[in-house]
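The numbers in this note's numbering rise by one with no breaks, and the one at position 188 of the sequence shown is 176.
Idealized CB from N, CA, C, for every residue including glycine.
As structure tokens, the structure follows; a few thoughts come after it.
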Amino acid sequence: MRLPRTDRGRALLVAAIAVVVIVFTATVPLLRDWFDLRVYYGAVDTWVHHGGRIYDYRVPGTTYGFTYPPFAAVAMLPMALLGLHAAIAVALLLNLGALAVVVRILAGRSWRKYGWYGCALGACALALFEPLRDTFSFGQVNILLLALVLFDSWLLATGRGRWAGVGIGLAAAIKLTPALFILLLLLARRWRAAAVASVVAVAATGLAGLVAPDASRFYWTDAMWDTTRIGRLDYVSNQSVQGILARLGETDRAVWAAVVVVLLGVWAVRARRAVAVGDWAAAFALTGLTACLISPITWVHHLVWLLPAFAVLVRARQPRIAAGLYAVLCTSVVWLWFDDASGIDGFLGSNTYAWITLGLLLWLPVGQSRVSRMPIRRTTSTTTAAPSTAAPAITPVAAQSGSVSGAAVATTGTVSGSGAGLGLARNASSDPTGSTRPAASKPQSSNDRASS
């Protein structure tokens, strides 16, 4: 099949693909009816306008309520000034803005060479990605948290580390999973960034304690440890290691803890290697993968944290692998085992997304999408050598990743490159409610209109 080469042909192709995407998303997965946003809105509305308690709220007709740390509720307080439909509109705009930030950081400036045509095809591909579909349809916050964390990775990769850690700290205060990125900063010996992230997370949590002391006390002493508030561990949408074990009937927390320790060991070795060669893109991608695996519950829409790993694969010149895995994550295949995940087929099929996450953790290329290290300032002489009438001798320079020819160095005295990693230019360097199924099951399936 030959791709169109004229703008008219490309526009027709994009329109046709857009129609297919719209039909698919409107029929196959079904919309989630903004269920999670209804949870957030209902909890904040009850707290502010009706004197209720944040963690006592339940969406009418369900057993699901607010499950995030209290700072998340404080951050969502502006919703109390809006109606539900206005809150939905604002959530859509925020998620779109966050997605634009994520794509800009992951793709860098390389998107420009594809023009409007490439961007349109990319938008269609993103619209098919199940974790993103569910994030928007549920009104979830995952993509916002990913944008906060990746902004810190961009600061570190481009030598702007003074404020690095703020995004990670805020994300960790809103939801516990991103706290693993603080450990990454410690592993990389970025002490300042780790301190900033920790201080921001503690300060935000302390602010929530002042604003909602009773809710804070209840969360940190009770709700945080009660996974049943979120949903069943064996529910097919839970694509974490705990979900795999639960579907096998293994409920011993010691077994889960042992597997988590092994995974953290693998992550520490691979992430340390990544930061040692300046590959912050891979380091952050590996950390997102690990967070999804070790979290007790990782619903399908949490898997937006896999997006950085796909960007690393593309930069490592493995686009076919990236496209294949990405396509699987667009299919909603795990829902085929919604009712019965027993047998070998259930073990393999119901955990498909978890296997992809684990495979990426083990085999994601490291060091092939290297970003710039901290820039080294050059000192130049204040005097200029007298011109020579002889032809200048040009000394060859050994080629390295991101370097330019020796001639360019000899004639300009600078080194530049189109940065890989996070896609940035390399610095000069001398080196209420949705209908649900019975309350016992988590309303996450393709046939339900609810979430976590």
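Contact between L195 and A159 fails: their C-beta atoms lie close to 15 angstroms from each other, not under 8 angstroms.
Judged by DSSP secondary structure, Q306 falls outside any alpha helix (DSSP H); it is assigned neither H nor E. For C112, the enclosing alpha helix (DSSP H) has its first and last residue at G103 to L116.
M212 is classed as exposed because its beta carbon has fewer than 16 other beta carbons within 10 Å across all chains shown.
With a 10 Å radius around the Cβ and a threshold of 16 neighbouring Cβ atoms, H289 comes out buried. With contacts defined by Cβ atoms closer than 7 angstroms, R217 and T(-6) do not form a contacting pair. One thing to note: R261 has its Cβ no nearer than 7 angstroms to the Cβ of L274. Per the Cβ contact rule, the stretch 85 to 93 is not in contact with the stretch 238 to 255 (fewer than 3 Cβ pairs under 8 angstroms). T15 sits exposed, since fewer than 16 C-beta atoms from the chains shown fall within 10 Å of its C-beta. Beyond the five residues adjoining it in sequence on each side, A167 comes within less than 6 angstroms, by CB distance, of A160 in the same chain, given in chain order. Exclusion of the five residues before and after V321 leaves T340 as the residues of its chain whose Cβ lies within less than 6 angstroms of its Cβ.
Assigned with DSSP and collapsed to three states, W323 falls in helix. If you draw a 10 Å sphere on the C-beta of P119, you find 16 or more other C-beta atoms in it, and that means buried.
Going by DSSP, N83 is part of the alpha helix (DSSP H) stretching over L72 to A95.
G276 has its alpha-carbon roughly 34 angstroms from the corresponding atom of A4. By the C-beta density criterion, S141 is buried, having at least 16 other C-beta atoms within 10 angstroms.
No residue range can be given for T50, since it is assigned to no alpha helix (DSSP H) and is classified by DSSP as neither H nor E. DSSP, read as helix, strand or coil, puts Q230 in helix. Per DSSP, the unbroken alpha helix (DSSP H) holding C280 starts and ends at W268 to I282. With contacts defined as CB atoms closer than 7 angstroms, I232 and A329 fail to qualify as a contacting pair.
If you draw a 10 Å sphere on the C-beta of G237, you find fewer than 16 other C-beta atoms in it, and that means exposed. A straight-line Cα-Cα distance of about 15 angstroms links W35 and F206.
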